[in-house]
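Enquirer: Quick one: the structure is below, and I'll ask about it shortly.
Chains as they are written, first to last, in the working numbering: chain Z, 40 to 243; chain S, 40 to 243.
Set out below in structure tokens:
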């Protein structure tokens, strides 16, 4: 049994190792043995921290989401226009999902299975995102860059459009992971949707 | 065995009866016996036309989609602006899905299950929809109502936004059918998204 002291450090080490391996080999090809080896730990000790590979994966995703949160919160501090901030937000979000894809996670299962382990993590994160989009839109209204009459639901609709474009692609993807071409196509659609949306909420 | 003569008529009768029953009681509560009774047919004869209740349901949905197609093709003939045509399209589409909801079909299963019987029907229908949206946008460009520089993907993005908003709602709905409140909320989002989209592609 590992000692209580330094548990956080050990956890961090394990997550770092898992993250590297998932990114390189993809989730399904990595074994708990390999990760235990990376951190000089017995398999039993590793299971003390993370009872299953899925739990470890959840921890990796949570960490990625923490980084995404820091990244998108930084956007708010930028000296750019609210329009450019919304564009930056879409870009950071797309980069994040591209990274997830590299971790070997972007399967229909992960996103669409109602029993998905990851659902609650993403559900909680949606509140973080929504909060930031609201702030950007509010700023745009105050600067008279965006239409002052915009519905309170504008931020929700914007987030749901981005979430929806991905959801829709996965829905048609016949249970397979989406390939690079589909991923690029999705990014193109998100950029077009963001541009049209911004143009649609601007003050004329 | 039914005679070959009048097979179409019998089929039409069966579909009509099934449609009424599904609309009133919902898919799961209707039995093949009841439908056979409605059309004065033995159960064996009914199974000759539709081997399973799912097959019959598919036929009902196909018929609904045919009507939707006629409805949205009529939009093209209206003397209204391209913007109003796009709004009409969104409305007709929402009405259709509301009707489907009443038929008791709008479950996560139907939409998100990769093995769903209905997937191919909707996939084929997406081409019909896309074609109509393209025509409306083209018309708007020619009348200088819409920006002439719009990307060729504008129509696809618009369709995917509408599809995506529904997909996204179903994804979070925890495997349950969506209730009236969620349905109304979705319609509100679709209307806001359509208005912002139209404003975003208009000539300034």
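Glycine is no exception: its CB is placed at the ideal position from the N, C-alpha and C atoms. All figures in this text were calculated on a predicted structure; none of them were measured in a lab.
What residues of chain Z sit near residue 231 of chain S, judged by a beta carbon separation below 8 Å?
Expert: The answer, in chain order, is 190, 192, 193, 196.
Enquirer: Going by beta-carbon coordinates alone, are residue 171 of chain Z and residue 99 of chain Z separated by less than 8 Å?
Expert: No; because the gap between Cβ atoms is not below 8 Å, this pair is not in contact.
Enquirer: Using three-state DSSP, classify residue 241 of chain S as helix, strand or coil.
Expert: In the structure shown, residue 241 of chain S sits in a strand (DSSP, three-state: E or B).
Enquirer: If you count every other CB in all the chains shown that lies within 10 Å of the CB of residue 163 of chain Z, and 16 or more means buried, which is it?
Expert: Result: exposed.
Enquirer: With a threshold of 8 Å between beta-carbons, can residue 128 of chain Z be considered close to chain S, or not?
Expert: Taking Cβ atoms only, chain S never reaches closer than 8 Å to residue 128 of chain Z, which makes this a no.
Enquirer: Which residues mark the beginning and the end of the alpha helix (DSSP H) in which residue 82 of chain S is found?
Expert: Residue 82 of chain S -> alpha helix (DSSP H) spans 82–88.
Enquirer: Any C-beta of chain Z within less than 8 Å: which residues of the stretch 42–66 of chain S qualify?
Expert: Residues passing the 8 Å Cβ filter: none.
Enquirer: Would residue 93 of chain S be called buried (16 or more neighbouring beta carbons within 10 Å of its own) or exposed?
Expert: That one is exposed.
Enquirer: Go ahead and label residue 145 of chain S buried or exposed: buried means 16 or more other beta carbons lie within 10 angstroms of its beta carbon, across all protein chains shown.
Expert: For residue 145 of chain S, the pLDDT reaches just 47, beneath the cut-off of 50, and the residue's location in the model is therefore unreliable, although a value from the coordinates is still provided. Its Cβ being crowded by 16 or more others within 10 Å, residue 145 of chain S is buried.
Enquirer: Which runs of the alpha helix (DSSP H) spanning at least 4 residues fall entirely within the stretch 155–220 of chain S, listed in chain order?
Expert: The qualifying runs are 158–181, 193–211.
Enquirer: So the candidates are S/95, S/84, S/128; which of them puts its Cα closest to the Cα of residue 234 of chain S?
Expert: For the residues S/95, S/84, S/128, the minimum Cα distance to residue 234 of chain S belongs to S/128.
Enquirer: Roughly how far, in whole angstroms, is the beta-carbon of residue 204 of chain Z from the beta-carbon of residue 169 of chain Z, given that I think they are within contact range, below 8 Å?
Expert: Not a contact, Cβ separation roughly 17 Å.
Enquirer: For residue 235 of chain S, decide whether its Cβ has a neighbour in chain A, counting only Cβ atoms nearer than 8 Å.
Expert: In the structure shown, chain A cannot be found, because the protein chains are Z and S.
Enquirer: Round the Cβ separation of residue 217 of chain Z and residue 208 of chain Z to the nearest angstrom and send it over; I've been treating them as touching at under 8 Å.
Expert: The Cβ separation is near 6 Å, so the contact holds.
Enquirer: Reducing DSSP to helix, strand and coil, say where residue 99 of chain S ends up.
Expert: Three-state DSSP puts residue 99 of chain S in a helix.
Enquirer: Are the C-beta of residue 179 of chain S and some C-beta of chain Z separated by less than 8 Å?
Expert: With 8 Å as the cut-off, residue 179 of chain S does not count as an interface residue toward chain Z.
Enquirer: With residue 49 of chain S and residue 88 of chain S assumed to form a contact (beta carbons below 8 Å), what rounded beta-carbon distance in angstroms separates them?
Expert: So it is a contact: roughly 7 Å between Cβ atoms.
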